[in-house]
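Top to bottom, those sequences are chains A and B. For our numbering, add 153 to where a residue sits in the first sequence, where the first one is 1. For our numbering, add 1 to where a residue sits in the second sequence, where the first one is 1. Just so it is clear, CB atoms sit at the ideal spot from N, CA and C, and this is done for glycine as well. Keep in mind that this is a model prediction, so the values were computed, not measured.
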Amino acid sequence: DAGITQSPRHKVTETGTPVTLRCHQTENHRYMYWYRQDPGHGLRLIHYSYGVKDTDKGEVSDGYSVSRSKTEDFLLTLESATSSQTSVYFCAIGTVSNQPQHFGDGTRLSIL
Amino acid sequence: RKEVEQDPGPFNVPEGATVAFNCTYSNSASQSFFWYRQDCRKEPKLLMSVYSSGNEDGRFTAQLNRASQYISLLIRDSKLSDSATYLCVAEGSSNYQLIWGAGTKLIIKP
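Here it is, written out as structure tokens:
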């Protein structure tokens, strides 16, 4: 399996608190992605990165920020979590633009 | 109308049968198409890319119909392990970011 890990795997927190999810890869892939998956919806891209310090917004970026200070790590931050951000979050990596090849196990985030 | 649409299913199919499902997309300029599979409460896994001429990988065949704007996935000699949700992906109209369908659930019965 590709070396990609997400942490934490599960988190429950309260509305208004900051939350940071971490994605760590050992594959040295250039591209990294953060998605959310909700019932009845396809995966939706939140942010992506095409290199260290190079990031861009996806389809549903409002309320989220990201950082990539090293090739291996891509952080997703919810500055002030809201209940609408309750979701399953997936990180993905890839060597080709716009083609996520491997996904992490996901983070189940509940905002109460 | 969603940019990528799939029949949610479930498709209940006996083991050994052939099953096919389609996915429609709205961006006529889309150049990239993929099928992923996702097991219950697991991460998506890339199954195959879809090429203009169609492509096959073992028991799986993917085809693209540009005129009608849909892609298809055909599974022959289905196995119990093929039970999963199949996700269709195509380039969207906004910056050509990938748009994901909500998935088609397939259940293979013994």
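Smallest Cα separation from residue i: which of the options?
i	options	result
L88 of chain B	B:T105, B:F22, B:S94 and B:S95	B:T105
N66 of chain B	B:K43, B:V14 and B:S29	B:S29
F227 of chain A	A:V172, A:C176 and A:V165	A:C176
T173 of chain A	A:L229, A:R162 and A:Q252	A:L229
T158 of chain A	A:Y184, A:Q178, A:S240 and A:G169	A:Q178
K3 of chain B	B:G93, B:K110, B:T86 and B:I109	B:G93
R77 of chain B	B:N13, B:A18, B:P9 and B:V14	B:A18
P253 of chain A	B:A68, B:R60, B:K110 and B:F34	B:F34
S250 of chain A	B:Q32, B:P15, B:P11 and B:G10	B:Q32
H255 of chain A	A:T170, A:V213 and A:Y188	A:Y188
Q98 of chain B	A:L262, A:G193, A:I199 and A:T239	A:I199
M185 of chain A	A:S214, A:P161 and A:D207	A:D207
Q70 of chain B	B:S27, B:R42, B:F12 and B:S95	B:S27
So, at 7 Å on beta carbons, what are the nonlocal neighbours of residue i in its own chain, with the 5 sequence-adjacent residues on each side left out?
i	result
W101 of chain B	V5, L88 and V90
R183 of chain A	Y203, G204 and T248
S53 of chain B	L65
R60 of chain B	I76, R77 and D78
Buried or exposed: which applies to residue i, given that a residue is buried once 16 or more other Cβ atoms fall within 10 Å of its Cβ?
i	result
S84 of chain B	buried
G211 of chain A	buried
G247 of chain A	buried
L265 of chain A	exposed
Q190 of chain A	buried
E167 of chain A	exposed
H163 of chain A	exposed
L81 of chain B	exposed
G195 of chain A	buried
V205 of chain A	exposed
E232 of chain A	exposed
V219 of chain A	buried
T86 of chain B	buried
P45 of chain B	buried
A68 of chain B	exposed
T170 of chain A	exposed
Chain B partners of residue i, CB-CB under 8 Å?
i	result
Q254 of chain A	L47
G211 of chain A	Q98
L198 of chain A	Q98 and L99
F243 of chain A	E44 and P45
Roughly how far, in whole angstroms, is the beta-carbon of residue i from the beta-carbon of residue j, given that I think they are within contact range, below 8 Å?
i	j	result
L107 of chain B	V51 of chain B	L107 of chain B to V51 of chain B, Cβ: 17 Å. No contact.
R221 of chain A	S202 of chain A	4 Å
G216 of chain A	Y242 of chain A	Not quite, the Cβ-Cβ distance comes to about 13 Å (not below 8 Å), so this is no contact.
D8 of chain B	F22 of chain B	6 Å
N181 of chain A	T224 of chain A	6 Å
V165 of chain A	S263 of chain A	5 Å
Can you list the residues of chain A that residue i reaches, using a CB-CB cut of under 8 Å?
i	result
G102 of chain B	G195
L65 of chain B	Result: empty, since nearest Cβ-Cβ is about 16 Å, beyond 8 Å.
S33 of chain B	N251 and Q252
L88 of chain B	G195 and L196
Spatial neighbours of residue i within its chain, please: C-beta separation below 6 Å, excluding the five flanking residues on both sides.
i	result
T62 of chain B	L75
L47 of chain B	Y37
S58 of chain B	For the record, residue 58 of chain B in the displayed sequence is Asp; it is not Ser. So the list reads M49, once near-sequence residues are dropped.
R261 of chain A	H163 and V241
N118 of chain B	Because chain B here runs from 2 to 111, residue 118 of chain B falls outside it and cannot be looked at.
Output, in chain order, the set of chain A residues within a Cβ distance shorter than 9 Å of residue i.
i	result
V5 of chain B	G195
For residue i and chain E, any beta-carbon pair shorter than 8 Å?
i	result
S69 of chain B	Given the protein chain composition of this structure (A and B), no chain E is represented.
Taking residue i as the query, report the chain B residues whose CB atoms sit under 7 Å from its CB, ordered along the chain.
i	result
D258 of chain A	E44
Which residues in the same chain as residue i place their Cβ atom closer than 8 Å to its Cβ, once the five residues preceding and following it in sequence are excluded?
i	result
G257 of chain A	I157, T158, Q159, C176, F243, C244 and A245
E16 of chain B	S79, K80, L81, I109, K110 and P111
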